[in-house]
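2 protein chains.
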Amino acid sequence: MSQKVFVSAQEVAERAGVSRSAVSRTFTHGASVSPETRRKVLEASEALGYHVNHLARGLMRNESGIVCLIVSDMGTPYRSNLIRALTQQLQDAGKIAMLVNTDRSDGSVDLALRQAIRYRADASIILSGMPDKSITQLCLKNGQRLVLINRDDEQEGPLRINLDDAESASRVLTAFVRAGCQRMAFANSEAGTPSLMARERGFIAAAKALGIDVVVERFGPTGYESGKILAQRLLTRRERPDAVFCATDLLACGFMDTARHQFSISVPDQLCIAGFDDIAQASWSSYQLTTFSQPVEAIAREAVTWLDEADPAIARQSVRLHADLIWRSSIRGG
Amino acid sequence: MSQKVFVSAQEVAERAGVSRSAVSRTFTHGASVSPETRRKVLEASEALGYHVNHLARGLMRNESGIVCLIVSDMGTPYRSNLIRALTQQLQDAGKIAMLVNTDRSDGSVDLALRQAIRYRADASIILSGMPDKSITQLCLKNGQRLVLINRDDEQEGPLRINLDDAESASRVLTAFVRAGCQRMAFANSEAGTPSLMARERGFIAAAKALGIDVVVERFGPTGYESGKILAQRLLTRRERPDAVFCATDLLACGFMDTARHQFSISVPDQLCIAGFDDIAQASWSSYQLTTFSQPVEAIAREAVTWLDEADPAIARQSVRLHADLIWRSSIRGG
DNA sequence: CCGCTCTTTGCAAGCGTGTGCAAATGCTGC
DNA sequence: GCAGCATTTGCACACGCTTGCAAAGAGCGG
Numbered sequence: 160m161s162q163k164v165f166v167s168a169q170e171v172a173e174r175a176g177v178s179r180s181a182v183s184r185t186f187t188h189g190a191s192v193s194p195e196t197r198r199k200v201l202e203a204s205e206a207l208g209y210h211v212n213h214l215a216r217g218l219m220r221n222e223s224g225i226v227c228l229i230v231s232d233m234g235t236p237y238r239s240n241l242i243r244a245l246t247q248q249l250q251d252a253g254k255i256a257m258l259v260n261t262d263r264s265d266g267s268v269d270l271a272l273r274q275a276i277r278y279r280a281d282a283s284i285i286l287s288g289m290p291d292k293s294i295t296q297l298c299l300k301n302g303q304r305l306v307l308i309n310r311d312d313e314q315e316g317p318l319r320i321n322l323d324d325a326e327s328a329s330r331v332l333t334a335f336v337r338a339g340c341q342r343m344a345f346a347n348s349e350a351g352t353p354s355l356m357a358r359e360r361g362f363i364a365a366a367k368a369l370g371i372d373v374v375v376e377r378f379g380p381t382g383y384e385s386g387k388i389l390a391q392r393l394l395t396r397r398e399r400p401d402a403v404f405c406a407t408d409l410l411a412c413g414f415m416d417t418a419r420h421q422f423s424i425s426v427p428d429q430l431c432i433a434g435f436d437d438i439a440q441a442s443w444s445s446y447q448l449t450t451f452s453q454p455v456e457a458i459a460r461e462a463v464t465w466l467d468e469a470d471p472a473i474a475r476q477s478v479r480l481h482a483d484l485i486w487r488s489s490i491r492g493g
Numbered sequence: 160m161s162q163k164v165f166v167s168a169q170e171v172a173e174r175a176g177v178s179r180s181a182v183s184r185t186f187t188h189g190a191s192v193s194p195e196t197r198r199k200v201l202e203a204s205e206a207l208g209y210h211v212n213h214l215a216r217g218l219m220r221n222e223s224g225i226v227c228l229i230v231s232d233m234g235t236p237y238r239s240n241l242i243r244a245l246t247q248q249l250q251d252a253g254k255i256a257m258l259v260n261t262d263r264s265d266g267s268v269d270l271a272l273r274q275a276i277r278y279r280a281d282a283s284i285i286l287s288g289m290p291d292k293s294i295t296q297l298c299l300k301n302g303q304r305l306v307l308i309n310r311d312d313e314q315e316g317p318l319r320i321n322l323d324d325a326e327s328a329s330r331v332l333t334a335f336v337r338a339g340c341q342r343m344a345f346a347n348s349e350a351g352t353p354s355l356m357a358r359e360r361g362f363i364a365a366a367k368a369l370g371i372d373v374v375v376e377r378f379g380p381t382g383y384e385s386g387k388i389l390a391q392r393l394l395t396r397r398e399r400p401d402a403v404f405c406a407t408d409l410l411a412c413g414f415m416d417t418a419r420h421q422f423s424i425s426v427p428d429q430l431c432i433a434g435f436d437d438i439a440q441a442s443w444s445s446y447q448l449t450t451f452s453q454p455v456e457a458i459a460r461e462a463v464t465w466l467d468e469a470d471p472a473i474a475r476q477s478v479r480l481h482a483d484l485i486w487r488s489s490i491r492g493g
């Protein structure tokens with residue numbers, strides 16, 4: 160291992176002919192330094208290549224500037240897009256993102272939070288998985304702020320950011336009905352994530368209000384392949400559905416591909432399809448999927464501004480955002 | 160801002176009735192502690208919820224355990240997949256990833272590296288953009304290790320991981336020729352990334368060796384939309400190409416969609432298409448794209464193991480990996 | 001019981017910062 | 001020139017940890 164030799168404030172001070180505190184103050188926002196010393200310090204730092212050691216600063220200030228993102232399936236379009244938005248806005252707010260991958264096991268969300276504590280992260284943002292209550296308590300006790308995105312946990316303390324899943328689901332149903340669809344289906348994964356389940360329940364409830372039955376099928380993880388399987392199951396039923404709401408766009412893409420290529424079903428003429436997330440592929444001309452756009456920028460903004468808010472005791476605990484309906488041609492009419 | 164109150168080794172020591180160094184040694188691999196004290200320390204830590212402060216540890220050891228990933232377009236399938244592989248393998252090696260988004264401006268790669276220095280990252284891995292030479296020098300001078308993925312820079316010091324782009328390009332040409340294609344085209348973005356340019360040059364060179372001309376078109380950023388524009392340009396030529404190698408899969412998907420839906424061209428009957436990266440969408444049944452799989456796991460492994468290697472002076476500087484040809488039905492024959 | 005070796009333990013220095021406090025400096029008005 | 005004040009500067013301590021060093025303890029053969 161190479162010997163790291165970073166230049167310290169001490170060396171800068173010596174070169175600039177001032178005290179070390181002067182150097183520190185030059186790089187501390189709102190500290191009192193004369194323009195003259197400031198100039199000398201900046202000159203010396205530039206010459207030596209000095210950079211404030213944020214580990215030491217974090218140690219002193221008891222505030223590291225680190226925010227931990229806890230994510231699984233980060234290769235997925237929706238997740239990666241959310242990560243992009245979050246990292247960007249965190250950087251704009253002068254913070255830095257630490258990324259923890261929780262693909263391996265389920266308990267790894269807890270491990271991830273422990274990691275966040277070790278690095279004294281100012282906050283953790285959980286995009287997937289569900290932390291054990293004891294761990295979130297540990298985080299909160301340590302003064303670490305917590306944001307749960309699309310997790311809808313009932314715990315006190317964290318900020319919970321969610322979408323109006325039920326309302327969206329009900330709008331899909333309306334669209335299906337207007338298009339003259341009769342036999343409704345809902346295609347879901349087996350992940351059981353709160354937001355996915357909320358869409359399912361919302362769709363069923365909206366249908367029930369109109370006296371319509373919904374066939375529900377669930378399979379596997381929330382991905383393209385599962386969409387294909389779900390299509391095989393739903394489209395081989397005696398009473399083949401003529402409208403299906405897929406819990407996510409990835410499921411919808413798989414569903415649509417199988418409907419078209421394996422069953423030679425025409426979309427939207429014989430089958431209307433809706434998705435959720437508005438991933439990039441939904442707008443590709445092979446899909447033209449009607450879907451709801453996850454307001455990733457707004458989600459990120461809510462999370463980041465909340466982290467800067469003064470008193471966690473007064474801060475709001477829950478935010479519900481709206482997902483716009485993006486109308487494309489996978490549903491008739493419009 | 161809430162008052163963070165983390166429990167320190169001092170408190171654990173008091174509760175366990177031992178010295179603070181005993182606590183430290185309990186959590187230091189390879190230090191000498193008796194089983195009895197170890198037990199007492201672990202018990203007390205558990206009860207108090209103690210976690211070693213990695214900021215302080217990094218300060219002392221001069222080794223933070225942080226590795227900085229510098230990325231643009233992280234919402235993109237290939238990039239996000241590489242990030243996934245890297246974070247996972249870094250975690251397995253006991254390190255943690257810090258993610259810096261460089262979408263904003265071009266100089267932001269330099270800003271990102273400065274950020275890495277501030278947090279005393281042990282290393283930085285650059286997936287996109289090109290750092291200024293003065294900055295990489297600064298990093299190396301500070302003992303920070305550097306990995307460049309698919310950047311093919313000629314600088315000394317960093318590890319450069321690249322693929323055999325030229326060979327891949329030549330294999331595509333062979334496949335096109337075998338399929339009986341006559342009029343070759345290469346579709347590229349205007350990004351000018353070394354790997355993209357290597358594929359372009361390799362394809363042209365392989366064609367020239369057989370006395371075949373290649374029409375080259377370049378447009379915009381490296382994404383789906385650019386693929387559509389490129390198709391419009393290439394497919395409206397008087398001599399319409401019957402084979403096109405797209406520099407990436409995203410370009411290929413856009414190209415294929417436009418060829419089919421706007422020009423009603425049948426793939427692969429009238430037009431053969433190849434891509435590069437093997438993103439998830441390439442295997443979707445709407446595309447079935449013949450392409451080369453980026454060996455993301457191998458790339459990540461090379462990067463992570465290199466970081467653990469003993470002496471940076473002896474360490475190798477460059478690695479060339481092979482991209483497997485994934486044969487699907489966007490090229491005739493096979 | 002002594003001398004020897006080996007392991008375990010505590011002390012204290014040091015990592016690179018931020019910041020309260022008091023001293024020093026500069027400026028203003030008389 | 002001097003008192004009065006605001007601003008700037010340096011000192012020294014604190015943050016939480018690792019680790020070299022020496023002292024203490026444990027085990028053991030003679």
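Protein sequence lines correspond, in order, to chains A and B.
Just add 159 to the spot in the first sequence (first one is 1) and you have the numbering used here.
Just add 159 to the spot in the second sequence (first one is 1) and you have the numbering used here.
All C-beta atoms in this analysis are idealised placements derived from N, C-alpha and C, irrespective of residue type, glycine included.
Item                                                                                                                                                              : Value
Tell me whether the beta-carbon of A/Gly386 lies closer than 8 Å to the beta-carbon of A/Leu410.                                                                  : yes
Which residue from B/Arg279, B/Glu384, B/Glu326, B/Tyr237 puts its Cα closest to that of A/Trp443?                                                                : B/Glu384
For B/Met160, which of helix, strand or coil comes out of DSSP?                                                                                                   : With a pLDDT of 45 at B/Met160, under the threshold of 50, the predicted position of this residue should be treated as unreliable, though the coordinate-derived value follows. Coil.
Kindly indicate which residue of B/Arg243, B/Asn260, B/Ala368, B/Arg330 has the alpha-carbon position closest to the one of B/Phe451.                             : B/Arg330
With DSSP run on the structure shown, which of helix, strand or coil describes A/Phe345?                                                                          : strand
Beta carbons nearer than 9 Å to chain B: which residues of the stretch 304 to 318 of chain A have them?                                                           : Arg304
Verify the CB distance criterion: does A/Val200 have a CB-CB separation below 8 Å to chain B?                                                                     : no
With DSSP as the reference, label B/Asp372 as helix, strand or coil.                                                                                              : coil
Considering only the beta carbon of each residue, do B/Ala439 and B/Ser489 sit closer than 8 Å?                                                                   : no
Confirm, please, whether the CB-CB distance from B/Asp281 to B/Asp232 is below 8 Å.                                                                               : no
At a Cβ threshold of 8 Å, is B/Leu272 touching chain A?                                                                                                           : no
Verify the CB distance criterion: does B/Ile276 have a CB-CB separation below 8 Å to chain A?                                                                     : yes
With 16 other CB atoms within 10 Å as the buried threshold, where does A/Met219 fall?                                                                             : exposed
When the Cβ atoms of the stretch 364 to 374 of chain B are set against those of the stretch 297 to 311 of chain B, are three or more pairs found closer than 8 Å? : no
Span of the alpha helix (DSSP H) holding B/Arg330?                                                                                                                : 324 to 337
Are the C-beta of A/Arg279 and some C-beta of chain B separated by less than 8 Å?                                                                                 : yes
When we look at the beta-carbon of A/His481 and count the other beta-carbons within 10 Å, is it buried (16 or more) or exposed?                                   : exposed
What would DSSP say about A/Val230, mapped onto helix, strand or coil?                                                                                            : strand
Give the straight-line distance between the Cα atoms of B/Ala271 and B/Thr196, rounded to the nearest whole angstrom.                                             : 44 Å
At the 8 Å Cβ level, is A/Arg154 part of the contact set with chain B, yes or no?                                                                                 : Beyond the ends of chain A as shown, which are 160 and 493, falls residue 154 of chain A; an answer cannot be given.
Which bits of chain B does A/Ala215 rub up against, with CB to CB less than 7 Å?                                                                                  : Leu218
When DSSP builds the beta bridges, which residues end up paired with B/Cys405?                                                                                    : B/Ala346
Is it buried or exposed for A/Val171, if we count other Cβ within 10 angstroms and need 16 for buried?                                                            : buried
Could you check the C-alpha separation between B/Thr417 and B/Thr407 for me, to the nearest Å?                                                                    : 16 Å
When you compare the CB positions of B/Ala459 and B/Ala244, do they come within less than 8 Å of one another, or not?                                             : yes
Taking just the CA atoms, how far does B/Asp323 sit from B/Gly361?                                                                                                : 10 Å
With burial defined as no fewer than 16 other Cβ atoms inside 10 Å of the residue's Cβ, what is the status of A/Ala190: buried or exposed?                        : exposed
Answer with yes or no whether the minimum CB distance from B/Ala350 to chain A is below 8 Å.                                                                      : no
Going by alpha carbons, who is nearest to A/Glu513 out of A/Glu376, A/Gln314, A/Glu173, A/Phe414?                                                                 : This structure does not reach residue 513 of chain A, given that chain A is present from 160 up to 493, and the question cannot be answered.
I'd like the span of the alpha helix (DSSP H) that includes A/Thr246, first residue to last.                                                                      : 236 to 251
Could you spell out the range, first to last residue, of the alpha helix (DSSP H) harbouring B/Asp262?                                                            : From DSSP, B/Asp262 is part of no alpha helix (DSSP H); its letter is neither H nor E.
Determine the extent of the beta strand (DSSP E) in which B/Cys431 is found, giving its start and end residues.                                                   : 431 to 433
If B/Cys340 and B/Cys431 are in contact, beta carbons under 8 Å, what's the gap, nearest whole angstrom?                                                          : 5 Å
Could you tell me the distance, in whole angstroms, from the CA atom of B/Val375 to the CA atom of A/Pro290?                                                      : 52 Å
To the nearest angstrom, how far is it from the Cα of A/Leu318 to the Cα of B/Leu466?                                                                             : 37 Å
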